[in-house]
Structure formats: C-alpha cells, structure tokens
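Taken in sequence, the protein lines are chains A and B.
So the first sequence is numbered by the numbering used here: it starts at 65 and just counts up by one.
So the second sequence is numbered by the numbering used here: it starts at 6 and just counts up by one.
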Amino acid sequence: MALIPLLGLNSYLMHILILVVMWSVIGMAWNLLGGYCGQVSFGHAAFFGVGAYTSGMLYSKLGISGWWGVPASIVVVTLFALVIGYVCLRLRGPYFALATLAIGVILRIVAENLVNVTGGDLGIMIRERSWVGKTRYYYIILAISALSFLLVKKIIDSKLGYYFVAIREDQDAAESLGINTTLYKTIALCLSAVITGFAGAFYTNYMGYIDPKVVFALHDISIITIMVVMVGGVATFSGPIVGAIIMVILAEAIRSLPIIGTAHHTFFGILLIIIIIFLPNGIVGDFSKLKKLVGRSRRPA
Amino acid sequence: MTAVQTEVLLQTLISGILLGGLYALIGIGMTIIMGVMKIINLAHGELMMVGMYIAYVLYAYFHIDPYLSILIAAPALFLLGMALQKYLINPVVKVDSILPENQVILTVGIGMVLANLATIIFKSDYLQTPVSYGTKAWYLSDLWKQAPIELSLSFPWSVSFVVALLITACLWFFLAKTDMGKSIRATAQDKDAALLMGVNVGRMRVITFGLGSALVGSAGCLFIPIYYIYPDIGGQFTLIAFVITILGGLGSTVGAIIGGLILGLFESLTATYIGMGWAPVGRFVIFVAVLIFIPGGVASLLKSRKFGK
Chain A
65 MALIPLLGLN SYLMHILILV VMWSVIGMAW NLLGGYCGQV SFGHAAFFGV GAYTSGMLYS
125 KLGISGWWGV PASIVVVTLF ALVIGYVCLR LRGPYFALAT LAIGVILRIV AENLVNVTGG
185 DLGIMIRERS WVGKTRYYYI ILAISALSFL LVKKIIDSKL GYYFVAIRED QDAAESLGIN
245 TTLYKTIALC LSAVITGFAG AFYTNYMGYI DPKVVFALHD ISIITIMVVM VGGVATFSGP
305 IVGAIIMVIL AEAIRSLPII GTAHHTFFGI LLIIIIIFLP NGIVGDFSKL KKLVGRSRRP
365 A
Chain B
6 MTAVQTEVLL QTLISGILLG GLYALIGIGM TIIMGVMKII NLAHGELMMV GMYIAYVLYA
66 YFHIDPYLSI LIAAPALFLL GMALQKYLIN PVVKVDSILP ENQVILTVGI GMVLANLATI
126 IFKSDYLQTP VSYGTKAWYL SDLWKQAPIE LSLSFPWSVS FVVALLITAC LWFFLAKTDM
186 GKSIRATAQD KDAALLMGVN VGRMRVITFG LGSALVGSAG CLFIPIYYIY PDIGGQFTLI
246 AFVITILGGL GSTVGAIIGG LILGLFESLT ATYIGMGWAP VGRFVIFVAV LIFIPGGVAS
306 LLKSRKFGK
C-alpha cells in the first residue's frame with residue numbers, strides 16, 4: 065500500500081485512493097462500535113463533522129494550521145462522544161440507532177444556525193493548501209488508517225474486545241456476569257468517535273472546504289458508513305477495507321455515467337437491500353456462502 | 006402582556022395545534038407499525054413523500070383537489086406498504102445475521118430508493134399545488150367587531166386538521182370495534198398468544214404495514230395544500246414521526262396523538278420566539294429530554310395515573 069504513489073498514478077486516481085483509505089478508517093471506527101459492540105449508530109456523521117469542524121475552526125478562528133485539528137479532535141470528539149453517549153447509550157437496539165441519527169441531524173442544524181461560530185451555510189474555506197500534490201495527503205491518511213487498524217485489532221484481541229462481543233450477544237447476560245456494560249459501551253463509543261473524528265479532521269485539510277450539509281450529511285456520510293461495513297463484512301478486520309474499496313469505486317463509477325449518474329442513491333439502496341437479504345454479514349463475513357453461491361451458479365444444471 | 010404580545014402568543018398556539026393534528030396522523034402510522042412489527046420504519050417519511058407526489062400529479066394533470074386525492078393515494082400507499090412488507094421486510098426477519106438492526110437498515114435502503122426515484126422522475130424542484138383556497142382565512146374581527154386582538158384561522162390548515170381528526174376517528178373505530186382491528190391489537194400485545202388464539206399473525210403484519218403507509222400517505226395529501234414538496238422531504242418527516250413515537254410511548258396510539266400535539270405546539274413556539282431555523286432543534290431538545298426524563302413517553306404517564314402505584 066505504501067508503495068502505490070511510486071506507480072505515478074494521475075491525480076484523479078490518487079484522489080480515489082485517498083477516499084478509499086479515508087472511508088476504510090471511518091468503516092473501521094463504525095465496525096468497532098456497531099460490529100463488535102453491537103451498538104448500531106446512524107449518526108457517525110456527527111463525529112466526522114465535529115472532527116472536521118475542530119480542524120476548520122482552529123484555522124478560521126485561531127489562524128493556526130488546520131492539521132492541529134487532528135490531535136485537537138481527540139479531546140473535542142471525546143467530549144462530544146461522552147455527552148452523546150450519556151444520552152443515547154441508555155437506549156438499546158433500534159432506539160439507539162435512531163437517537164444517534166437524531167444527534168447527527170441536530171449537530172448539522174446547530175452548525176447551520178450558529179453563523180458566528182461555524183460560518184453557517186457558507187462553511188469554512190482553508191485558503192492556503194498545504195501541498196499541491198496528493199502523495200503526502202495519501203501517506204498521512206494511510207498512517208491514520210494503519211494506526212486505526214492496529215488499534216482496533218489490539219482492542220478486539222484484548223479482554224476489552226471480549227466484553228464488547230459479550231455486550232453485543234446479550235447485554236443482560238453480560239451485565240449479570242459483572243461486566244459494567246455502560247462503561248464499556250461508552251469506551252467503545254469514544255474510541256469509535258475519535259477514529260471517525262481523525263478522518264473528519266483529515267477531510268477538512270485535504271478538501272480545503274467544509275460546510276454543514278457536507279460533513280454532517282445523513283445519507284452521504286452516516287448511511288454510507290454503515291454500507292461500507294455492511295457490504296464489506298460486519299465484525300471482521302478486513303471487512304471495512306473491502307467495503308470502502310467497493311463503495312468508493314462504485315460511487316465514482318455510477319456518478320460518472322451520464323444518464324444514471326443522478327440515480328446513485330437508488331443503486332446504493334438496492335445494493336443495501338440485496339446485501340441484507342442475501343449476505344447479511346457482508347462479503348468477508350459471508351465469504352463461504354458467497355463462494356457456494358458462485359460455485360452453484362457455475363455448475364451446469 | 007400587551008395586546009400585541011397576547012395576539013402573537015394565541016396565534017402561535019393556534020398554528021401549533023393545527024400542525025400538531027397533522028403530526029399526530031404521521032406519528033400514528035409509525036406507532037402502529039412499531040407496535041405490531043417491533044421495527045422502526047425509517048422509510049416512513051419517504052412513503053409520505055410518495056403520497057404527496059401522487060396528490061401533486063393528480064392535481065397537476067387531472068385537476069383533482071388534493072383533499073379528494075386521499076381516496077386514491079391512501080389505497081395506493083396501502084398496496085405499496087403491503088408489497089414492501091411481504092417481499093422485502095419479511096424475508097429479512099428469517100435471515101440469520103450478527104446485527105439484529107438489519108430490518109431498520111433495510112428500511113433506510115427502501116427510503117433511499119424511493120427518494121432517489123422521485124428525484125429522477127420529478128427533478129429536485131420545489132413543487133406546489135396552487136389551490137384556489139390556498140390563502141383563504143377566517144378572521145376574528147369578522148365574527149366579533151370589537152375584538153381587542155386580531156386572530157386568523159387559515160382555511161386549508163383547518164380543513165387538513167379536521168380531515169386528520171376524521172381519519173384518526175375512523176382508525177380508532179377500526180382498531181376498537183372490528184374483528185381485524187382487534188386481531189391487529191392482539192398481535193401487537195403478544196404475537197405468540199395471538200397466534201395460539203388463531204390470529205393469522207403474518208397477514209396482520211402485512212396489513213398493518215399497509216395501514217401505516219396509507220395513514221402517512223393521506224397525511225401527505227393533507228400537507229400538500231399548505232406545503233411544498235421536493236424529493237428529499239421524507240427524511241425530516243421520518244424524524245418527526247420518530248420523535249412523536251418516542252414522545253408518545255412506543256406503540257401507543259393515544260400517546261402518538263398527544264405527542265403530535267405537543268410537538269406541533271413546541272415547534273410553533275420555537276419558531277415564533279427563537280427563530281425559524283431553530284424549530285428543528287426544538288424538536289430534538291424535546292426528544293432528548295423525553296429520553297432522559299420520561300423514557301416510556303406520555304403513554305407511561307397515562308398508565309401510572311390509571312393504575313395508581
């Protein structure tokens with residue numbers, strides 16, 4: 065992966081590559097909370113957006129480089145995650161999902177209306193771009209991605225990971241075994257939020273422009289995050305990476321088609337429906353099932 | 006309080022109640038689906054959007070009044086809802102997966118497809134049905150000449166409110182008095198017990214989803230004379246319906262009516278006294294407050310009053 069820029073790809077292909085890596089980071093973050101701990105969030109755009117705005121506001125209000133937003137987002141996003149967790153984690157299953165969805169929408173509306181703080185609908189523009197070429201951006205997001213991957217793997221292989229899975233499988237049983245479910249769910253949420261916030265802070269510096277409708281988007285961030293993990297594989301290490309590759313390439317391919325370009329949500333929706341009905345654990349999670357399906361269709365009837 | 010302030014307050018309360026009546030209808034549709042199937046239908050607002058577009062097409066091409074188009078939109082949505090439940094949602098119930106929230110995510114997929122198809126067919130333009138009575142209103146000074154304050158009651162808002170009440174009354178009659186309504190309530194209460202009593206639970210689920218869709222579709226027809234439509238309008242109404250259901254108590258019809266009225270009043274007050282853009286935030290402040298202070302919603306308050314300690 066680290067050698068890819070040496071191939072001398074043009075800047076469009078590098079852009080796609082950067083997006084793939086960025087989405088795999090968000091997917092891994094979501095997978096930690098949703099896939100392993102079983103807390104399905106429909107509002108990861110909230111953390112992405114808070115990370116992005118931390119970076120953007122450090123630049124627009126304090127006049128320092130937006131890259132400081134990456135470390136700063138750890139503190140800011142954790143604080144947000146603690147508050148959100150305090151409200152939402154008392155809910156279970158679909159109710160948690162919808163509460164987080166509402167939180168994402170609230171933050172978007174707040175960001176749109178607090179014009180003095182966030183710049184409102186005009187968004188924040190970073191005028192001095194750090195670099196013209198994309199190679200350095202690629203290495204930065206690749207480093208974030210590698211760190212997130214190692215972090216998630218380390219956590220899931222540790223005792224903490226077993227607690228998470230126990231909570232997912234049966235929260236009451238986990239509690240009766242002496243697991244402080246509220247504490248561990250909050251830990252999962254904070255870790256997931258911080259990793260997502262990294263991606264958000266990177267996004268601000270990479271794209272150079274953010275506005276509330278883009279970074280707090282329900283469909284284009286929160287739902288795509290879920291799709292990345294669902295398509296790739298829930299509760300697998302490589303699932304989010306596979307999902308990110310498929311989703312980003314698919315999105316770019318459909319958008320570039322002339323007539324059906326506006327229909328990309330329809331394709332995503334249908335893909336989501338097909339995946340849920342036929343491969344509910346994603347491509348990596350249901351790989352054996354997928355192989356059997358393909359094998360069966362190849363064999364002559 | 007000066008006369009002007011009283012006037013503003015009363016006017017705000019009136020529009021809040023009118024809005025609340027319509028919200029209640031949207032909320033009831035979601036709450037009966039939630040009661041019977043135990044899933045949250047995140048395509049609810051999109052189904053309403055479909056109802057609104059049906060009303061728009063009927064008005065634009067066949068000159069049918071939006072209120073009359075309920076008679077066409079509601080059955081159409083009923084069939085659409087039944088088909089969605091039978092061919093998409095039911096198969097997922099049987100599939101074994103790590104995450105039980107798959108059904109909810111599935112309804113998100115359905116909503117995305119519906120909203121995007123609407124964008125393709127109707128473009129992203131804001132559309133309206135400019136009915137002749139759109140700006141008609143009754144004024145307090147017409148009835149009472151020496152009235153110290155001036156209040157107005159918009160004609161289409163009032164008609165929509167009354168029709169919403171009528172539909173709610175019909176639904177109450179259906180659920181309380183007919184055999185099928187009783188079967189639906191039995192399924193909501195205890196699926197297994199209902200099955201043992203000879204209720205066709207599978208069929209009740211399909212019918213309930215159709216019924217919920219028809220209700221929200223007719224709410225769409227009631228909204229269109231006073232509102233405008235665009236393809237992405239559904240999302241905000243899904244959230245409104247969800248907030249009402251949480252506020253009212255999950256699966257409680259009476260709770261949904263009260264929840265709708267509270268939300269309508271609260272939004273109207275926020276819009277008047279804080280600012281138009283903040284009305285949606287007020288909605289979610291209620292939502293979060295309910296989750297923290299009365300997690301069972303209004304229904305749990307009613308219950309504890311009824312049965313004492």
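Where is the CB? At the ideal position from N, CA and C, for every residue including glycine.
Check                                                                                                                                                                                  : Outcome
In or out: B:F2 buried (at least 16 other Cβ within 10 Å) or exposed?                                                                                                                  : The structure shown does not extend to residue 2 of chain B, since chain B spans only 6 to 314, so no value can be given for it.
For the stretch 32–45 of chain B, which residues have a CB atom closer than 8 Å to at least one CB atom of chain A, in sequence order?                                                 : I44, I45
Which of the three DSSP states is assigned to B:S159 in this structure?                                                                                                                : strand
Which of helix, strand or coil does DSSP assign to A:W94?                                                                                                                              : helix
Comparing the C-beta of A:I14 with each C-beta of chain B, is any distance below 9 Å?                                                                                                  : There is simply no residue 14 of chain A to check, as chain A begins at 65 and stops at 365 in what is shown.
For the stretch 120–134 of chain B, list every residue whose C-beta sits within 8 Å of some C-beta in chain A, in sequence order.                                                      : A120, N121, L122, T124, I125
Would you list the one or two residues that DSSP bridges to A:M189?                                                                                                                    : A:Y273
Indicate whether the contact test is met: 3 or more Cβ pairs, each with one atom in the stretch 132–150 of chain A and one in the stretch 303–318 of chain A, closer than 8 Å.         : no
Please confirm if the stretch 209–229 of chain B is in contact with the stretch 99–110 of chain B, defined as three or more CB-CB distances below 8 Å between the two stretches.       : no
Leaving out the 5 sequence neighbours to the left and right, which residues in its chain are closer than 7 Å to A:A265 when beta-carbon positions are compared?                        : G115, A116, T118, S119, G133, V134, S137
Please work out which residues of its chain come closer than 7 Å, Cβ to Cβ, to B:Y58, disregarding the five sequence neighbours upstream and downstream, and give them in chain order. : A123, F127, I234
B:W149 by DSSP, collapsed to three states: which one?                                                                                                                                  : coil
Does the beta carbon of B:E272 come closer than 9 Å to any beta carbon on chain A?                                                                                                     : no
Taking CB distances under 9 Å as the criterion, tell me whether A:L282 reaches chain B.                                                                                                : yes
Mind reading off the beta-carbon distance from A:G113 to A:F280? Whole number of angstroms is fine, and I expect it under 8 Å.                                                         : 4 Å
Would you identify the three-state DSSP class for A:A161, choosing helix, strand or coil?                                                                                              : helix
Evaluate the contact criterion for the stretch 144–158 of chain A versus the stretch 247–263 of chain A: three or more CB pairs, one atom per stretch, below 8 Å.                      : yes
Going by C-alpha to C-alpha distance, which of A:L282, A:F342, A:I347, A:I341 sits closest to B:M117?                                                                                  : A:L282
Helix or strand or just coil, what does DSSP make of A:W87?                                                                                                                            : helix
Once you ignore the five residues that flank B:T11 on each side, which residues in its own chain have a CB closer than 8 Å to its CB?                                                  : I154
Could you list which residues in chain B have their beta carbon closer than 8 Å to that of A:I334, in chain order?                                                                     : G114, V118
Can you tell me where the alpha helix (DSSP H) holding B:A198 begins and where it ends?                                                                                                : 196–201
Given a cut-off of 9 Å, decide if B:F292 and B:I251 are closer than it, judged by their beta-carbon atoms.                                                                             : yes
With a threshold of 9 Å between beta carbons, is B:E12 in contact with chain A?                                                                                                        : no
Kindly say whether A:F106, judged by its beta-carbon, lies nearer than 9 Å to any beta-carbon of chain B.                                                                              : yes
Check each candidate in A:T260, A:V348, A:L122, A:L153 and name the one with the smallest Cα separation from A:L211.                                                                   : A:T260
Check A:V123 in the structure and name its three-state DSSP category.                                                                                                                  : The identity of residue 123 of chain A in the sequence shown is Tyr, whereas the question assumes Val. It is helical.
In this structure, does DSSP put B:A276 in helix, strand or coil?                                                                                                                      : helix
When the Cα atoms are used, what is the spatial distance from B:F271 to A:G349?                                                                                                        : 46 Å
Counting pairs of beta carbons, one from the stretch 180–199 of chain A and one from the stretch 121–132 of chain A, are three or more of them closer than 8 Å?                        : yes
Assuming the contact rule is C-beta atoms closer than 8 Å, B:A169 and B:L27 should be a hit. Round their C-beta distance to whole Å, please.                                           : 5 Å
Using a beta-carbon distance below 9 Å, is A:N177 in contact with chain B?                                                                                                             : yes
Any contact between the stretch 99–110 of chain A and the stretch 295–305 of chain A? By contact I mean 3 or more CB pairs, one from each, below 8 Å.                                  : yes
Relative to chain A, which residues along the stretch 243–255 of chain B have a C-beta separation below 7 Å, given in chain order?                                                     : L244, F247
So, is B:T112 buried or exposed, given that buried needs 16 or more other C-beta atoms within 10 angstroms?                                                                            : buried
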